[in-house]
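Notes follow once the structure below has been shown.
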Amino acid sequence: MAENLRLLRQLRLAKDAMDRDWAQPLDLDAVAAHAGYSRYHFVRSFKAVYGETPGQYLSRRRMERAEEMLRTADLAVTEICNLVGFSSLGTFSSRFKRHTGLTPTEYRSRHLHRGAALIPGCYALFWAGGFRKEEARGEDRNSGEAR
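Residue 1 is where the sequence shown starts when you use the UniProt record's numbering, and the numbers rise one by one after that.
See below:
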């Protein structure tokens, strides 16, 4: 019993780290370190407890955030794609369609009139933390080299 509680506590620390940094690229080794496990033991344990792998969990969280932004923020789909942690619009769009059954544009059109007016993009970007430092300096996020 105590061992199970310890396992859950350690996995929760890692899950909290993923919830906090959901828009950042997933460093599975670093997340596993939050739980005090090797990467492979962490993936097995996480799936046994939460029913999905850490990658599946993070992807679902990103899609949920994208849905919210499409409903509430006046941002381009490309901006939302980048804000939720994707560097490829094609990958984002195909995963979004697999998740919701609609493309991001179709989703926005269907849900646009179901609530308050869209939040202006400048406010949404400010709320989301704006542009990352390396993007502001003109560096490529994946390589660290100037564009």
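Where a beta carbon is used, it is the ideal one built from N, C-alpha and C, also for glycine. All of these numbers come straight from a predicted model, not from anything done at the bench.
Counted within 10 angstroms of its Cβ, other Cβ atoms place residue i as buried (16 or more) or exposed
i     : result
Ala14 : buried
Ser59 : buried
Leu5  : exposed
Tyr40 : exposed
Boundaries of the alpha helix (DSSP H) in which residue i is found, first to last residue
i      : result
Asp21  : Careful: Asp21 lies outside any alpha helix (DSSP H) and carries neither H nor E.
Leu112 : No alpha helix (DSSP H) contains Leu112, which DSSP labels as neither H nor E.
Phe92  : 89-100
Simplified DSSP state of residue i, which is helix, strand or coil
i      : result
Asp29  : helix
Ala76  : coil
Glu68  : helix
Ala2   : helix
Ser59  : helix
Val43  : helix
Tyr50  : helix
Thr103 : coil
Cutoff 7 angstroms; reference residue i; Cβ partners in own chain excluding five residues on either side
i     : result
Ala23 : Leu83, Val84, Gly85
CA nearest to the CA of residue i, picked from the options
i      : options             : result
Ala76  : Glu64, Arg61, Ser93 : Ser93
Gly101 : Glu67, Leu11, Arg61 : Glu67
Contacts around residue i, its chain only, beta-carbon distance under 6 angstroms, and the 5 residues preceding and following it disregarded
i      : result
Asn142 : Note that Asn142 scores 45 on pLDDT, short of 50, meaning its location in the model is unreliable; the coordinates nonetheless yield the value given after this. So no residue of the chain qualifies.
Asp29  : Arg39
Proximal residues to residue i (C-beta, below 8 angstroms), its chain only, five neighbours per side dropped
i     : result
Tyr50 : Leu11, Lys15, Tyr57
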